[in-house]
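>
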Amino acid sequence: MLIRNKFPGGVHPLTCKELTRNSFIEEIPPPQKVVIPLIQHTGAPCIPLVKPGEEVKLGQKIGSAEKYISSPVHASLSGKVSKIEEFNHPLLEKAPAIFIEKDKNSDSEMVQQKNPDDLSIEELKERIREAGIVGLGGAGFPTHVKLSPPKPIDTLILNGAECEPYLTCDERLMQEKPREIIKGLEIIAKIVSPERIFIGIEDSKRETIKIVKEILRELRLDGIEVSVLKTKYPQGGEKQLIKAITGREVPSEGLPFDVGVLVQNVQTAFAIYEAIYKGKPLYERVITVSGKAIKKPGNYKVKIGTLVSDIVEFCGGFIKEPKKIIFGGPMMGIAQWSLDVPVIKGTSGILFLTEEELNLEESGPCIRCGRCIEACPVKIMPAYIALAVEYKKWNIAKEYSPRDCIECGACSYICPTRRDLVQLIKIAKLRVH
Ligand code: SF4
Ligand code: SF4
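Per our numbering, the very first residue in the sequence shown carries number 164; after that it's consecutive.
1) Within the segment 350–376, note down every full beta strand (DSSP E) run reaching 3 residues or more, in order along the chain.
2) Hey, which unbroken runs of the beta strand (DSSP E) at 3 residues or more fall wholly within the segment 489–523?
3) Is the Cβ-Cβ distance between V413 and Q430 less than 8 angstroms?
4) How long is the line joining the alpha carbons of K542 and G242, rounded to whole angstroms?
5) Leaving out the 5 sequence neighbours to the left and right, which residues in its chain are closer than 6 angstroms to L182 when beta-carbon positions are compared?
6) Which full runs of the alpha helix (DSSP H) of 4+ residues lie inside the segment 272–315, going along the chain?
7) Strictly closer than 7 angstroms from CB to any heavy atom of ligand 2: give me those residues in the order they appear in the chain.
8) Whose CA, out of A551, T178, A591, lies closest to the CA of E570?
9) Classify G617 as buried or exposed, calling it buried when 16 or more other Cβ atoms lie within 10 Å of its own Cβ.
10) With a threshold of 7 angstroms, establish whether the CB of A538 neighbours any heavy atom of ligand 1.
11) Mind checking I191: buried by the 16 CB within 10 Å criterion, or exposed?
12) Drop a sphere of 10 angstroms on the beta-carbon of N522, count the other beta-carbons inside from all chains shown, and report buried for 16 or more, exposed for fewer.
13) Check whether the Cβ of G298 sits closer than 7 angstroms to any heavy atom of ligand 1, and report yes or no.
14) Check whether the Cβ of C332 lies closer than 7 angstroms to any heavy atom of ligand 1, and answer yes or no.
15) Locate the beta strand (DSSP E) running through I247, then write down its first and last residues.
16) Any idea if I530 is buried or exposed, counting beta-carbon neighbours within 10 angstroms, 16 or more meaning buried?
17) Go ahead and pull the three-state DSSP assignment for K340.
18) What does DSSP give as the partner residues of T318 in its beta bridges?
19) My output table needs one value for L598: the three-state DSSP class, helix, strand or coil.
20) Could you check whether the Cβ of V174 sits closer than 8 angstroms to any Cβ belonging to chain C?
21) Given the structure, does V413 come close to ligand 1, in the sense that its CB is under 7 angstroms from one of the ligand's heavy atoms?
22) Classify R380 as helix, strand or coil using the three-state DSSP reduction.
23) Could you name the residues of the same chain whose beta carbon sits closer than 8 angstroms to that of P357, not counting the 5 residues immediately before and after it, in chain order?
24) With which residues is T451 paired in a DSSP beta bridge?
25) Based on the DSSP secondary-structure assignment, which residues constitute the bridge partners of I263?
26) Which of helix, strand or coil does DSSP assign to E334?
27) For my contact list, R581 and S526 are in at a C-beta cut-off of 8 angstroms; report their separation, rounded to the angstrom.
28) Is I467 closer than 8 angstroms to I507 when the C-beta atoms are compared?
29) For F187, count neighbouring C-beta atoms within 10 Å of its own C-beta (all shown protein chains included) and say buried if the count is 16 or more, exposed if not.
30) Just how far apart, CA to CA, sit K406 and V219?
31) May I ask you to verify whether the segment 193–203 touches the segment 218–236, counting CB pairs closer than 8 angstroms and requiring at least 3?
32) Should E570 be listed as close to ligand 1, given that the test is whether its C-beta is under 7 angstroms from any heavy atom?
33) Please report the distance separating the alpha-carbon of A573 from that of Y329.
34) How is E525 classed by DSSP in three states: helix, strand or coil?
35) Counting along the chain, where does the beta strand (DSSP E) carrying L392 start and finish?
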C-alpha cells in the first residue's frame with residue numbers, strides 16, 4: 164500500500180479515538196427546544212424570515228442569506244418560534260439566534276428530490292446554496308462559493324483524514340454511508356470538472372480504506388483514487404493534504420485554487436448528496452461526543468441548534484465533572500464555558516475532558532530547543548514570533564510571517580515548557596498586516 168507523507172513538520176499526539184471509533188452513529192431524538200444562530204458560517208449573518216409566535220416546519224428556511232458569501236439557516240424542529248434574541252454562540256460568544264419550541268406537528272418542508280443528471284451546474288450550485296451547506300470540517304465556508312473558484316480546478320480531493328484526536332464522526336460516516344458520500348463527491352466533480360479525484364484517508368483507518376475501496380470497485384469508479392496518508396497531525400489541514408497528495412505547495416496567504424485544487428470534507432459531500440437526492444437542507448449532522456468525563460461517548464446525529472445540556476442528558480450525564488469542554492478537537496477546538504450553547508453546522512465534536520486528559524502544567528520560559536520550529540507544518544518560526552509578541556516587537560514578528568500560521572496547535576503541543584504559542588501567534592496575526 165503506497166503511503167503518502169510529504170508535508171513537513173507535524174506531531175503525533177495520542178489519538179484517543181478508541182473511545183468512539185466503533186460506536187455506530189446513533190440519532191439523538193429531537194429536543195424540546197433548539198436555538199439556531201443566524202451566523203454559523205464565514206461571511207454575512209442571515210436575516211430572519213420568521214417572527215416570534217410563527218409556526219415553522221422541519222427544514223423550512225428561517226434565515227435568508229442576502230449576501231453572496233453567506234448561507235441560509237433552516238428549522239431543525241417543527242414547532243413555534245418563541246423568540247429571536249442574542250444567545251451563547253460556540254465561536255462568537257454571543258450572536259442573534261432563532262429559538263424554536265417543539266410541538267406535536269411533525270410536518271417537514273423539503274424541496275423536490277432530483278437526479279443530479281437532470282440539473283445544470285448552476286442549478287446544482289443554487290440547490291447547494293439554498294440547502295445552507297457550508298464546509299463541515301469546521302471552517303464553515305459557504306460551499307456554493309467554494310464550488311465557484313476563480314481559477315480552473317484540475318484536482319479534487321475529498322478530505323477523509325480526520326486527524327484531530329478524539330474525533331471519529333467522519334470515519335464512522337465513511338464506514339456507514341460510503342455510497343452516499345461518493346455520490347456527493349460525484350456531484351462536486353460534475354460542478355468543477357477535475358482531471359483527477361482523490362479520497363485522502365489516514366493509514367490508521369484501515370477498515371474505512373477497505374470499505375471505500377470496495378465501494379469504488381463495485382461502482383466501477385476507477386477514476387477516483389483512495390490516497391492513503393501517513394497518520395500525522397495536521398494531515399487534514401487543506402494545505403498539508405494538498406502537499407501530501409499532489410506535491411503542490413499552496414503559496415503564502417494563497418488558497419487551494421491557486422494550485423488548481425479543491426478540497427471538500429466527507430460530511431460536506433454527504434450533505435450535498437442529501438440536498439440533491441433527497442431535497443433535504445442542512446439541519447442536522449453527525450458529531451463525536453467524547454472524553455473521559457461523559458458517560459456514553461459516541462457518534463451522534465444531532466439537530467443543528469441542540470443545546471449541549473440536552474446532549475449531555477442523552478449521553479447519561481457525567482461520570483466526573485469535566486475540567487474542560489471543547490467544541491471540535493483538542494488541538495484546534497474552542498473551549499466552552501457553559502452547557503447552554505448550541506451545536507452549529509461546523510461543530511464536528513464536543514469533548515468533555517477530565518483533569519488526567521489535560522496537561523495543566525504551568526508554562527515556563529523558552530529554552531530554545533527548536534522543537535516547535537521542527538513541528539510547524541507551514542515552516543514558520545513559532546518561538547521567535549512568540550518572543551517578538553511578548554516584547555511587543557511587531558516589526559520583528561511580521562518578518563516571520565505569522566499570517567501563514569494555520570493555528571494547528573502543533574507547536575504548543577510539542578513545547579516542553581508548555582508555552583501557549585498559538586495564542587501569542589494569534590495576537591501577532593491581529594497586529595501584523
Ligand atoms: S505556528 Fe501555527 S502553523 Fe505552525 S505549528 Fe504553530 S499553530 Fe501550527
Ligand atoms: S518548543 Fe518551546 S521551548 Fe522549544 S524553542 Fe519552541 S517555544 Fe522555545
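We put the beta carbon where it would ideally sit given N, CA and C, even for glycine. All of these numbers come straight from a predicted model, not from anything done at the bench.
In brief:
1) 359–365
2) 497–499, 512–516
3) Position 250 of the sequence shown, counted from the first residue, corresponds to residue 413. Position 267 of the sequence shown, counted from the first residue, corresponds to residue 430. Cβ atoms of V413 and Q430: not closer than 8 angstroms.
4) Locating residue 542 in the sequence shown gives position 379, counting from the first residue. Locating residue 242 in the sequence shown gives position 79, counting from the first residue. Computed Cα separation, rounded: 51 angstroms.
5) Working through the sequence shown from its first residue, we reach residue 182 at position 19. Taken in chain order, the residues that qualify are S453, P460.
6) 284–293, 306–309
7) C529, I530, R531, C532, G533, R534, C535, I536, P545, A546, A549, C574, I577, C578, P579, T580, R582, L584
8) By 1-based counting over the sequence shown, the position of residue 570 is 407. Nearest C-alpha to E570: A591.
9) Residue 617 lies beyond the residue range present for the chain, which begins at 164 and ends at 596; the question has no answer from this structure.
10) Sequence index remark: in the sequence shown, residue 538 carries index 375 (1-based). Answer for A538: yes, Cβ within range of ligand 1.
11) For this step, residue 191 is matched to residue 28 along the sequence shown. I191 comes out buried.
12) On the sequence shown, position 359 is the one that residue 522 refers to. With fewer than 16 other Cβ atoms within 10 Å, it is exposed.
13) Stepping through the sequence shown from its first residue, residue 298 is reached at position 135. No; taking the cut-off as 7 angstroms, the Cβ of G298 has no heavy atom of ligand 1 nearer than that.
14) As a working mapping, residue 332 is identified with position 169 in the sequence shown. No.
15) Indexing the sequence shown from 1 puts residue 247 at position 84. I247 -> beta strand (DSSP E) spans 242–252.
16) Within the sequence shown, the letter at position 367 stands for residue 530. Exposed is the call here.
17) Residue 340 sits at position 177 when you count from the first residue of the sequence shown. Correct three-state label for K340: coil.
18) In the sequence shown, residue 318 corresponds to position 155, counting from 1. R359, V424, per the DSSP bridge assignment.
19) The chain is shown from 164 up to 596; residue 598 falls before or after that span and cannot be answered.
20) Annotation note: the requested chain C is absent from the structure, which comprises a single protein chain.
21) The sequence position of residue 413 within the sequence shown is 250, counting from 1. For ligand 1, not one heavy atom lies less than 7 angstroms from the Cβ of V413.
22) Within the sequence shown, the letter at position 217 stands for residue 380. The answer is helix: DSSP assigns R380 an H, G or I state.
23) Mapped onto the sequence shown, residue 357 falls at position 194. I316, D317, T318, L319, L425, listed in sequence order.
24) As a working note, residue 451 is residue 288 in the sequence shown. According to DSSP, T451 bridges with N462, G512.
25) Along the sequence shown, read from residue 1 onward, the residue named residue 263 stands at position 100. V197, V244, per the DSSP bridge assignment.
26) Here residue 334 corresponds to residue number 171 of the sequence shown, with the count starting at 1. Looking at E334 - three-state DSSP - the assignment turns out to be helix.
27) In the sequence shown, the residue the question calls residue 581 occupies position 418. In the sequence shown, the residue the question calls residue 526 occupies position 363. The pair is a contact, with the Cβ atoms about 4 angstroms apart (cut-off 8 angstroms).
28) Residue 507 sits at position 344 when you count from the first residue of the sequence shown. Residue 467 sits at position 304 when you count from the first residue of the sequence shown. Going by C-beta atoms, I507 is nearer than 8 angstroms to I467.
29) The residue labelled residue 187 in the question sits at position 24 within the sequence shown. Result: exposed.
30) What you label residue 406 is simply residue 243 of the sequence shown in a count that begins at 1. What you label residue 219 is simply residue 56 of the sequence shown in a count that begins at 1. Each residue's alpha carbon lies about 46 angstroms from the other.
31) yes
32) Numbered from its first residue, the sequence shown carries residue 570 at position 407. E570 Cβ: within cutoff of ligand 1.
33) Mapped onto the sequence shown, residue 573 falls at position 410. Mapped onto the sequence shown, residue 329 falls at position 166. Cα to Cα, the separation comes out at about 16 angstroms.
34) In the sequence shown, residue 525 corresponds to position 362, counting from 1. Coil, per DSSP.
35) Counted from its first residue, the sequence shown places residue 392 at position 229. Counting along the chain, the beta strand (DSSP E) containing L392 begins and ends at 387–392.
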